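K.L.:
The working numbering applies: residue 5 is where the sequence shown begins, and numbers increase by one. Ideal Cβ placement from N, Cα and C applies to all residues, glycine included. No experiment lies behind these values; they were computed from the predicted model shown.
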Amino acid sequence: MSGEMEGLNGAGRGGAGRGGAGRGGDSIQGHPMEDQKKLSVDEFWITHGFLGKYKKVAKWVESSHGHYPDGAVEGGMTSSGEKLYVARAEHNGDVLPGKLHPSHSVCYVAHNGKEHGKNIYQVLVNPARSNLGWVAASRGSVPAGTLQGGRTARGEALFIGRCKHAGDLVCGKVHPSHGVCYIPYAGGEHGSQNYEVLVVKTVDLK
Numbered sequence: 005m006s007g008e009m010e011g012l013n014g015a016g017r018g019g020a021g022r023g024g025a026g027r028g029g030d031s032i033q034g035h036p037m038e039d040q041k042k043l044s045v046d047e048f049w050i051t052h053g054f055l056g057k058y059k060k061v062a063k064w065v066e067s068s069h070g071h072y073p074d075g076a077v078e079g080g081m082t083s084s085g086e087k088l089y090v091a092r093a094e095h096n097g098d099v100l101p102g103k104l105h106p107s108h109s110v111c112y113v114a115h116n117g118k119e120h121g122k123n124i125y126q127v128l129v130n131p132a133r134s135n136l137g138w139v140a141a142s143r144g145s146v147p148a149g150t151l152q153g154g155r156t157a158r159g160e161a162l163f164i165g166r167c168k169h170a171g172d173l174v175c176g177k178v179h180p181s182h183g184v185c186y187i188p189y190a191g192g193e194h195g196s197q198n199y200e201v202l203v204v205k206t207v208d209l210k
């Protein structure tokens, strides 16, 4: 694989070269947001070389007030056993990956030291049941195949990450230039240098 990709990281930060997390003649492409200050539905696709056949790997689906669609990607769990889902929302010009907490009826995102609840958000969905997984990373690095979850108002890519805090496993944003994964929790923004990132492991092209 070769070439730059939108929506899916081709190499770890500081790694050599560019490329995706596929094999053979595969490449992975995503469709970037048309307006960073307004959410639009992003989709991640994979194309099988010369065949020119595209397959949807994952997509963002509009939702609100604690609801989530079929195929929503699980991002964590509270200490009481409630599932949290990978979601994102706009805040102050940034599009921020965060956690959908269904019983709270909001998506929480972390920004500027605080946790912000959003009634309207997008949920990450895996319609093709692609093999997504969580891979350990640290200090702002992201491995090949990492799904991009958002972008700052200045254009820096943000990735989907998660880490443990106070007994909960919480999903949030990996901010590479800050060297941490930020998660929203109990009204605050909490950063960790050690975290997991969401990656595409394999895709069935049939």
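So, for S107: in the same chain, excluding its five sequence neighbours on each side, which residues have a beta-carbon less than 8 Å away from its beta-carbon?
P.N.:
Indexing the sequence shown from 1 puts residue 107 at position 103. Taken in chain order, the residues that qualify are G70, E86.
K.L.:
At the level of alpha carbons, what is the spacing between P147 and L88?
P.N.:
Within the sequence shown, the letter at position 143 stands for residue 147. Within the sequence shown, the letter at position 84 stands for residue 88. Taking the straight line from one Cα to the other gives about 23 Å.
K.L.:
Express the C-alpha separation of K205 and G137 in angstroms, rounding to a whole number.
P.N.:
Position 133 of the sequence shown, counted from the start, is the residue given in the question as residue 137. Position 201 of the sequence shown, counted from the start, is the residue given in the question as residue 205. Those two C-alpha atoms are separated by around 7 Å.
K.L.:
Quick check on R133: buried or exposed, where buried means 16 or more other Cβ atoms within 10 Å of its Cβ?
P.N.:
As a first step, residue 133 is located in the sequence shown; it is residue number 129 there, counting from the start. By the 10 Å Cβ count, R133 comes out exposed.
K.L.:
Between which residues of its own chain and G79 is the CB-CB distance below 7 Å, once the five residues before and five after are set aside?
P.N.:
As a position in the sequence shown, residue 79 is number 75, starting the count at 1. Contacts found: L88, Y89, V90, K103, R166, C175.
K.L.:
Relative to the C-alpha of N130, which candidate in V203, V201, K63 has its C-alpha closest?
P.N.:
Mapped onto the sequence shown, residue 130 falls at position 126. Taking only the C-alpha atoms, the option nearest N130 is K63.
K.L.:
Taking the Cβ atom as the reference point for each residue, do L202 and H179 lie within a distance shorter than 9 Å?
P.N.:
Locating residue 202 in the sequence shown gives position 198, where the first residue counts as 1. Locating residue 179 in the sequence shown gives position 175, where the first residue counts as 1. Contact flag unset, no.
K.L.:
Between L151, G183, E66, which lies nearest to S142 when the distance is taken from Cα to Cα?
P.N.:
As a first step, residue 142 is located in the sequence shown; it is residue number 138 there, counting from the start. Checked all of L151, G183, E66; the closest Cα to S142 is G183.
K.L.:
Pick from G75, S196, S109, K118: whose alpha carbon is nearest that of K168?
P.N.:
For the purposes of this step, residue 168 is taken as residue 164 along the sequence shown, with counting starting at 1. The option with the nearest alpha carbon to K168 is S196.
K.L.:
If we ignore side chains and look at the alpha-carbon of each, how far apart do V110 and V61 end up?
P.N.:
Within the sequence shown, the letter at position 106 stands for residue 110. Within the sequence shown, the letter at position 57 stands for residue 61. Their backbone Cα atoms lie some 25 Å apart in a straight line.
K.L.:
Between which residues of its own chain and G192 is the CB-CB distance below 7 Å, once the five residues before and five after are set aside?
P.N.:
Start at 1 with the first residue of the sequence shown, and residue 192 comes out as number 188. Once the five neighbours on either side are set aside, the close Cβ partners of G192 are G117, K118, E119.
K.L.:
Could you name the residues of the same chain whose beta carbon sits closer than 8 Å to that of P219, not counting the 5 residues immediately before and after it, in chain order?
P.N.:
Since the first and last residues shown for the chain are 5 and 210, residue 219 lies out of range.
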